[in-house]
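Here the structure comes first, spelled out in structure tokens, and everything after it is commentary.
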Amino acid sequence: MEEQVTERAERPAARPGARPRRPGARPFAWMLVPAAVILLVDQGSKLWATSTLSDGSVITVIPKLLRLRLLLNPGAAFSMGEGMTWVFTLAAAAAVAGILYTARRLRSTAWAVVLGALLGGATTHLLDRLFRPPAFAQGHVVDFIDYGGLFVGNVADLALTGGCALLFLLSLRGVPLEGRPVEEPTSSTESPH
């Protein structure tokens, strides 16, 4: 107990007139960095794809494995739900709102990166749904990365998939948003065997 008091006393005093920083300000800012990078790279690559591949051309990157070809997707993954574009617009908006709401508790840099990847991917899909043709809130997502004919995606899809995988790993490891490790309760009544 005495050590804690001494530690606090030895810390330098805050600058006069300086605003106290909110405890989660730094992780929240770290969340915005990957989100912004993903948003810019995804929208930039979609701009390139719509201008370069709109004539139906296909660019083979790795034969039989990876090609670039334009696909305007009105549905979700694998073009499911093509007639329900407005539902996907609402889902993307809810995902963005949910991530921002969850980020209020953010204290972990690892979770900041995960939520940043998810926020970037969801935001760029929301922008496609809101502002791309054929109509407001019914826009088609620009997909152009063809994975050997299995499915066609974009940079945001990569961010969302990676973010979900990392979310799963952090959850398995017990890393909380607050950044404190989860401790397993110990029982003093257990007898050694």
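Its first residue numbered 36, the sequence shown is counted upward by one per residue in this note's numbering.
The beta-carbon is built from N, C-alpha and C at its ideal position, and this holds for glycine as well.
All of these numbers come straight from a predicted model, not from anything done at the bench.
(request) Alpha carbon to alpha carbon, how far is residue 132 from residue 179? Give it in angstroms, no decimals. (result) In a straight line, the C-alpha of residue 179 is about 27 Å away from that of residue 132.
(message) Assuming residue 208 is part of the alpha helix (DSSP H), what are its boundary residues?
(response) Note, residue 208: alpha helix (DSSP H), 190–208.
(request) List the residues that DSSP assigns as beta-bridge partners of residue 102. (result) Answer is 95, 181.
(request) Just the C-alpha distance for residue 89 and residue 174, rounded to the nearest angstrom, thanks. (result) Distance between the alpha carbons of residue 89 and residue 174 is about 16 Å.
(request) Ignore the nearest five residues each way along the sequence and tell me which others in residue 65's own chain have a CB closer than 6 Å to its CB. (result) Apart from sequence neighbours up to five positions away, the residues of its chain that approach residue 65 with a beta-carbon distance below 6 Å are 144, 147, ordered along the chain.
(request) Would you decide whether residue 69 is buried or exposed? Buried here means 16 or more other CB atoms lie within 10 Å of its CB. (result) When all chains shown are included, residue 69 counts as buried.
(request) Pull up the DSSP beta-bridge partners for residue 107, would you. (result) Beta-bridge annotation (DSSP): residue 107 is paired with 177.
(request) Tell whether a beta-carbon distance below 8 Å holds between residue 156 and residue 198. (result) Using a Cβ distance threshold of 8 Å, residue 156 and residue 198 count as a contacting pair.
(request) Would you decide whether residue 84 is buried or exposed? Buried here means 16 or more other CB atoms lie within 10 Å of its CB. (result) Counting Cβ neighbours within 10 Å, residue 84 comes out buried, since at least 16 surround it.
(request) Name the one or two DSSP bridge partners that residue 187 has. (result) Looking at the DSSP assignment, residue 187 forms a beta bridge with 181.
(message) I'd like the span of the alpha helix (DSSP H) that includes residue 147, first residue to last.
(response) Residues 144–166.
(request) To the nearest angstrom, report how far apart residue 205 and residue 195 are at their CA atoms. (result) Between residue 205 and residue 195, the C-alpha separation is close to 15 Å.
(request) Measure the Cβ-Cβ separation of residue 141 and residue 62 and say whether it is below 8 Å. (result) Yes, the Cβ-Cβ distance between residue 141 and residue 62 is below 8 Å.
(message) So residue 177 and residue 167 are supposed to be a Cβ contact under 8 Å. How far apart are they, rounded?
(response) The C-beta distance from residue 177 to residue 167 rounds to 7 Å, short enough to fall under 8 Å.
(message) I need the boundaries of the alpha helix (DSSP H) containing residue 130, first residue and last residue.
(response) Here the alpha helix (DSSP H) through residue 130 covers 120–137.
(message) Whole angstroms are fine: how far does the CA of residue 98 sit from the CA of residue 104?
(response) Cα to Cα, the separation comes out at about 13 Å.
(message) Quick check: residue 101 and residue 184, are their CB atoms within less than 8 Å of each other?
(response) Taking 8 Å as the Cβ cut-off, residue 101 and residue 184 do not qualify as a contacting pair.
(message) Quick check on DSSP: helix, strand or coil for residue 71?
(response) Helix, per DSSP.
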